[in-house]
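Per the numbering used here, the sequence shown starts with residue 18, numbered consecutively.
For every residue, glycine included, the Cβ atom is placed at its ideal position computed from N, Cα and C.
Quick caveat, the model's predicted, so the values are computed rather than measured.
Structure first, commentary second.
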Amino acid sequence: MQTTNTVLMIRPARFAFNPDTAANNRFQQAPLDPQAASAKALEEFDGYVDSLRQHGVEVLVVQDTPEPHTPDSIFPNNWWSSHSDGSLVLYPMQGENRRLERGKGVLQVLEERFAIQRTVDLSPLEQHNLFLEGTGSMVLDREHRISYACHSGRTHEQALRQFAEQLDYQLCLFHAVDRQQAPIYHSNVMMNVGRQLAVACLDALPHADERQALERSLRDTGKELLALGFDQLERFAGNMLEVHDRDGQPLLVMSRSAWGSLDAGQRRQVERHSRPLVVNIDHIERIGGGSARCMLAEVHLPSRH
């Protein structure tokens, strides 16, 4: 199934600007008052969890620990993904302090609650400076087994091909740049794929053949395309995630910055396919350089019970 009703989120202990990742994440901005910003981010996180639960989404919250300091732990989808056949995949991370997130109890929570049939560990690729940062680097069409990914310093083709071989996915690879022509660091800031609706910033693809191939793949798999411009990309409109409520009804989760960037026609397009679930995460977006989708690690594993 393309979407899930269960997500895992990490409640931050010391959320902060991460210099390890700022070199190629142009969305990050250092706060003037780090302590106040951290407290505000915690407030936004708790509000996000409450909103998801009120809309019938099951949220597993794991509390981060102050030590070792992992300022980006609030974005857990980058270092692991789960799949309906019981596969758990661990990914090679570029940021060294992000690798520490693996040892903070998330895997134990998953093992207790879900039936993990196998673990595919790609993290040793870090020793060869080959990176693939989970469902940040890849936008997965789980139903049609297609991995959409843009080349970047955090998304290497050799690692992608190992993922595709192990999980039986096809690859749709392309180059994507921001309006300053810098490579986009994660595919999930410029596109997402739901059951029937796909959102993508086609303006970010400089090569016409790759742009046409992306459009064709989305069309051939039955997706209606909502096309974004750079202004909307910069307000995290690409960083949405479709989930479903306990009754199976689709919800499209996004930040209020993302929703505010859409015009009336685009909002109607969203509403034809899903119910928008809009959350305020202004501080998290600005300091962490990630948005609503980055904070959600989808759980597709079968339950132990």
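Just checking my contact of residue i with residue j at CB under 8 Å: how many whole Å lie between their CB atoms?
i	j	result
H261	T87	No, H261 and T87 are not in contact; Cβ-Cβ is about 30 Å, not under 8 Å.
N94	A275	No, N94 and A275 are not in contact; Cβ-Cβ is about 16 Å, not under 8 Å.
R116	E150	Their Cβ separation, rounded to whole angstroms, is 11 Å, which puts R116 and E150 out of contact at 8 Å.
V74	V24	6 Å
L258	V216	Contact flag wrong, Cβ pair sits at about 10 Å.
D81	R28	6 Å
G305	F62	In fact, because the Cβ distance is near 11 Å, the residues do not count as touching under 8 Å.
P319	G103	6 Å
Measure the C-alpha to C-alpha separation of residue i and residue j and round it to an integer number of angstroms.
i	j	result
V206	H317	22 Å
V66	R236	33 Å
R228	L219	7 Å
L69	F180	30 Å
S278	D299	14 Å
R130	Q197	45 Å
E190	V79	Here residue 190 is Leu; the residue named in the question, Glu, does not match the sequence. Approximately 33 Å between the Cα atoms of the pair.
A54	F253	19 Å
E174	L147	9 Å
V210	D185	18 Å
G64	Q71	10 Å
H192	R321	40 Å
K121	Y165	29 Å
H203	V156	9 Å
L188	M208	15 Å
N114	P141	15 Å
L105	S169	24 Å
E182	R233	23 Å
Q312	V137	Here residue 312 turns out to be Met, not Gln, going by the sequence shown. Cα-Cα distance, rounded: 22 Å.
V123	P85	15 Å
Q145	G112	Here residue 145 turns out to be His, not Gln, going by the sequence shown. For H145 and G112, the distance between alpha carbons rounds to 14 Å.
I201	R263	34 Å
A221	G255	11 Å
Q283	L243	7 Å
A225	D280	26 Å
L77	A58	18 Å
L214	E288	10 Å
Y302	A56	This sequence places Glu at residue 302; Tyr is not what is there. Approximately 14 Å, taken between the alpha carbons.
V194	P223	7 Å
S98	H290	25 Å
Which residue marks the beginning of the alpha helix (DSSP H) containing residue i, and which one marks its end?
i	result
T23	It is not in any alpha helix (DSSP H) - T23 instead sits in the beta strand (DSSP E) that spans T23 to R28.
R303	D299 to G305
E174	E174 to L184
S154	G151 to S154
Starting from residue i and walking both ways along the beta strand (DSSP E), at which residues does that stretch end?
i	result
A166	I163 to C167
L77	E75 to Q80
R292	R292 to V296
W97	W97 to S99
R190	Note on residue identity: the sequence assigns Leu, not Arg, to residue 190. Start and end: Q187 to F191.
So within the segment 208–283, which uninterrupted beta strand (DSSP E) runs reach at least 3 residues, ignoring any that extend past its ends? 208–210, 214–217, 241–244, 258–261 and 267–272
Segments of 3+ residues assigned as beta strand (DSSP E) that fall wholly inside the segment 105–143: 135–138
Check whether the segment 264–274 touches the segment 286–302, taking contact to mean three or more Cβ pairs, one atom from each stretch, closer than 8 Å. yes
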